[in-house]
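J.:
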Amino acid sequence: MEEEILDNSIVENKQILSLVEVLDTLAEGVRRQFPYPFWLKCDISKINFYPYSGHAYPELVQKQGDVIVAQTKAIIWRSDLQRINDKFQSIVGESLKDGISIVCLARVTFHSVYGLSLIISDIDPNVSLGQLEYEKKECIERLKKEELFSLNSTLDLPLLPKRLAVISVPTSKGYSDFLQTINYQQDKYKFFIHLFPSLLQGDGATYQLIESLNVIEGVKQYFDCVLIIRGGGGDIGLHCYNNYELCRKIATFPLPVLTGIGHSTNETVAEMVSHMNFITPTALAEFILDRFQAFDNEIEQIKQKINKLSHLILKEEYKNLAYIQNILAITVKNKLVTEKNKLITEEKFLNAINPQNILKKGYTITSINGHIIHSINQISKGDKILTQTVDGEFTSVVE
Numbered sequence: 130m131e132e133e134i135l136d137n138s139i140v141e142n143k144q145i146l147s148l149v150e151v152l153d154t155l156a157e158g159v160r161r162q163f164p165y166p167f168w169l170k171c172d173i174s175k176i177n178f179y180p181y182s183g184h185a186y187p188e189l190v191q192k193q194g195d196v197i198v199a200q201t202k203a204i205i206w207r208s209d210l211q212r213i214n215d216k217f218q219s220i221v222g223e224s225l226k227d228g229i230s231i232v233c234l235a236r237v238t239f240h241s242v243y244g245l246s247l248i249i250s251d252i253d254p255n256v257s258l259g260q261l262e263y264e265k266k267e268c269i270e271r272l273k274k275e276e277l278f279s280l281n282s283t284l285d286l287p288l289l290p291k292r293l294a295v296i297s298v299p300t301s302k303g304y305s306d307f308l309q310t311i312n313y314q315q316d317k318y319k320f321f322i323h324l325f326p327s328l329l330q331g332d333g334a335t336y337q338l339i340e341s342l343n344v345i346e347g348v349k350q351y352f353d354c355v356l357i358i359r360g361g362g363g364d365i366g367l368h369c370y371n372n373y374e375l376c377r378k379i380a381t382f383p384l385p386v387l388t389g390i391g392h393s394t395n396e397t398v399a400e401m402v403s404h405m406n407f408i409t410p411t412a413l414a415e416f417i418l419d420r421f422q423a424f425d426n427e428i429e430q431i432k433q434k435i436n437k438l439s440h441l442i443l444k445e446e447y448k449n450l451a452y453i454q455n456i457l458a459i460t461v462k463n464k465l466v467t468e469k470n471k472l473i474t475e476e477k478f479l480n481a482i483n484p485q486n487i488l489k490k491g492y493t494i495t496s497i498n499g500h501i502i503h504s505i506n507q508i509s510k511g512d513k514i515l516t517q518t519v520d521g522e523f524t525s526v527v528e
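Numbering (our numbering), first residue to last: 130 to 528.
What follows is the structure, given as structure tokens:
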């Protein structure tokens, strides 16, 4: 009871304001402090687009390093959002995205029910693009100063890269196009392709890309090169590829890194420091296939040269063999004639000295006891000697 009396006395002696009065006062103060729209520099942490209404409710932040020092919600009405996105598409190449720096035209409102809001009516895309270009230039200068900019390009890419570590989103069209192209001649060329899934744009993409490279580095002995594959996109979506930490990782990676991140203008730093870069995943796949086809063509040319040279050698050897055969035939013929003449001469000589032929000429052969008598001293009186003529023989007694 005493507490109730005390509370009533406090109420009686104090001015009491209603919540509406307080909030209306705040709203009036906001209107007086910010009577006109103003240009505001901040980051969009999340766009919060609602397709049903067509409005967006972005969350705006300001950071010092990685620390958020200011944060508020904003509103972009459907009509303004369509116009802003059209400008972004024509200048930047894509619509508003999470995680970009902007300079926007805004006005502050304060509602007693909905609280404080920023109504964004315009965004300058050139400022966002300029900020991206500044960060890109700063990354390039830093890598060059550290003498890392061209390091990956000095690595040797295998003549036939068959073991491919691919960083991509499994469901991305860029990855699908790559597989369709690389497997076009799958019966002829066999590839080992292992996918390391990663975000490829927006918040978290830089971290996941670096993590995928770290994983691949741990098993680098199983791969010939690394492929970073992504479909098309504008400069804001590609901004993570200008991140210093990611680009440094690519530049110093122990395997050749080939990029095909799907755009034809405004080359990113990641592409600049990679071993080679291609405007699309399809172009990257065609490059790899072309190396195999060129190798096949070279082998085929070598085979044709070997066959042609073999035929020339065989033809020349056939000529040499025919010449040798002719020489050999002539030599053998001459040798046979010579040997035949020798045989005829020897035959004549043998015929000339043949005892039978000698006997035919009237000569006789006289022998004693089976020995031909050459001298008178070989016989004595009373010896029986045998005389042989051409048509017979007879014996005689020496007197």
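Using N, Cα and C, we set each Cβ at its ideal position, and we do this for glycine too.
Grouping DSSP H, G and I as helix and E and B as strand, with all else coil, what is I502?
T.: The answer is coil: DSSP assigns I502 none of H, G, I, E or B.
J.: In the segment 341-386, which residue ranges form an unbroken alpha helix (DSSP H) of at least 4 residues, counting only runs that do not cross its ends?
T.: You should have 373-380.
J.: Might you give, ordered along the chain, the residues of its own chain that have their beta carbon closer than 7 Å to the beta carbon of L135, omitting 5 neighbours on each side?
T.: Per-residue confidence for L135 stands at a pLDDT of 49, beneath the threshold of 50, marking its modelled position as unreliable; the derived number appears in the next sentence. Closer than 7 Å at the Cβ level, and outside the excluded window around L135, lies no residue.
J.: Do V295 and I322 have their C-beta atoms closer together than 8 Å?
T.: Contact flag set, yes.
J.: Quick check: D209 and S174, are their CB atoms within less than 8 Å of each other?
T.: Cβ atoms of D209 and S174: not closer than 8 Å.
J.: Determine the burial state of I379: buried for a count of at least 16 other Cβ atoms within 10 Å of its Cβ, exposed for fewer.
T.: Counting Cβ neighbours within 10 Å, I379 comes out buried, since at least 16 surround it.
J.: Quick check on S403: does DSSP put it in helix, strand or coil?
T.: Coil at S403, not helix or strand.
J.: Roughly how far, in whole angstroms, is the beta-carbon of L328 from the beta-carbon of A334, given that I think they are within contact range, below 8 Å?
T.: Yes, they are in contact, since the Cβ atoms of L328 and A334 sit about 4 Å apart, within 8 Å.
J.: Hey, F407 and F416: beta-carbon distance below 8 Å or not?
T.: Yes, the Cβ-Cβ distance between F407 and F416 is below 8 Å.
J.: Can the beta-carbon of S279 be found less than 8 Å from the beta-carbon of I358?
T.: No.
J.: Suppose you measure from the CA of K226 to the CA of Q162; what does that come to, to the nearest Å?
T.: Taking the straight line joining both Cα atoms gives about 31 Å.
J.: Given a cut-off of 8 Å on the beta-carbon distance, is the pair L356 and L413 in contact?
T.: Their beta carbons are under 8 Å apart, which means L356 touches L413 by this criterion.
J.: Do P187 and I79 come within 8 Å of each other at the CB atom, strictly closer than that value?
T.: Nothing in the structure corresponds to residue 79, since the chain is present only between 130 and 528.
J.: Quick check on the DSSP output: the alpha helix (DSSP H) that includes G303 runs from which residue to which?
T.: Here the alpha helix (DSSP H) through G303 covers K302 to I311.
J.: For K127, which option in T238, N506 and V398 has the closest C-alpha, if you only look at C-alpha atoms?
T.: The chain is shown only over 130 to 528; residue 127 falls outside these bounds and no answer can be derived.
J.: Helix, strand or coil: how does DSSP classify V198 here?
T.: DSSP places V198 in strand when its eight states are reduced to three.
J.: From K513 to G521, what distance separates their C-alpha atoms?
T.: Whole-angstrom Cα-Cα distance: 17 Å.
J.: With the cut-off set at 8 Å, would you say L286 and C354 are in Cβ contact?
T.: Yes, the pair counts as a contact, with Cβ atoms nearer than the cut-off.
J.: Take K216 and list the residues in its own chain whose beta-carbon comes closer than 6 Å to its own, dropping the five residues that flank it on each side.
T.: Excluding residues within five positions, the ones whose Cβ falls inside 6 Å are P254.
J.: Ignore the nearest five residues each way along the sequence and tell me which others in F307's own chain have a CB closer than 8 Å to its CB.
T.: Around F307: V295, S297, L356, I358, G389, P410, T411, L413 and A414.
J.: Distance check for Q315 and L457, CA to CA, integer angstroms please.
T.: Straight-line Cα distance between these residues: approximately 58 Å.
J.: How far does the alpha helix (DSSP H) with K432 in it extend, from its first residue to its last?
T.: That run of the alpha helix (DSSP H) goes P410 to A481.
J.: For P383, which residues of its own chain have a beta-carbon under 7 Å away from its beta-carbon, when the five flanking residues on both sides are left out?
T.: Here the set comprises E346 and K349.
J.: State yes or no: is the C-beta of V232 within less than 8 Å of the C-beta of V256?
T.: Going by C-beta atoms, V232 is nearer than 8 Å to V256.
J.: Could you give the C-beta distance for T516 and S525, rounded to a whole number, given that I count them as a contact under 8 Å?
T.: Correct: roughly 6 Å between the Cβ atoms.
J.: Buried or exposed, going by whether 16 or more other CB atoms sit within 10 Å of the CB of L465?
T.: Classification for L465: exposed.
J.: Put E264 into one of helix, strand or coil per three-state DSSP.
T.: Three-state DSSP puts E264 in a helix.
J.: Grab the span of the beta strand (DSSP E) containing G244 for me, first residue to last.
T.: Start and end: G244 to I252.
J.: Which partner residues does A203 have in the DSSP bridge list?
T.: L247, per the DSSP bridge assignment.
J.: Within 10 angstroms of its Cβ, does L148 collect 16 or more other Cβ (buried), or is it exposed?
T.: That one is exposed.
J.: Within this structure, are the beta carbons of G391 and G303 separated by less than 8 Å?
T.: Yes.
J.: Compare the beta carbon distance of T495 and I487 with 8 Å and say whether it is the shorter of the two.
T.: Contact: no.
J.: Among L438, N281 and E150, whose alpha-carbon lies nearest the alpha-carbon of V242?
T.: If we check each option's Cα against that of V242, E150 comes out closest.
J.: Where L438 and G360 are concerned, what is the direct C-alpha to C-alpha distance, given to the nearest angstrom?
T.: Each residue's Cα considered, the two are about 49 Å apart.
J.: How big is the Cα-Cα spacing for E468 and Q485?
T.: Using only the alpha carbons, I get a separation of about 26 Å.
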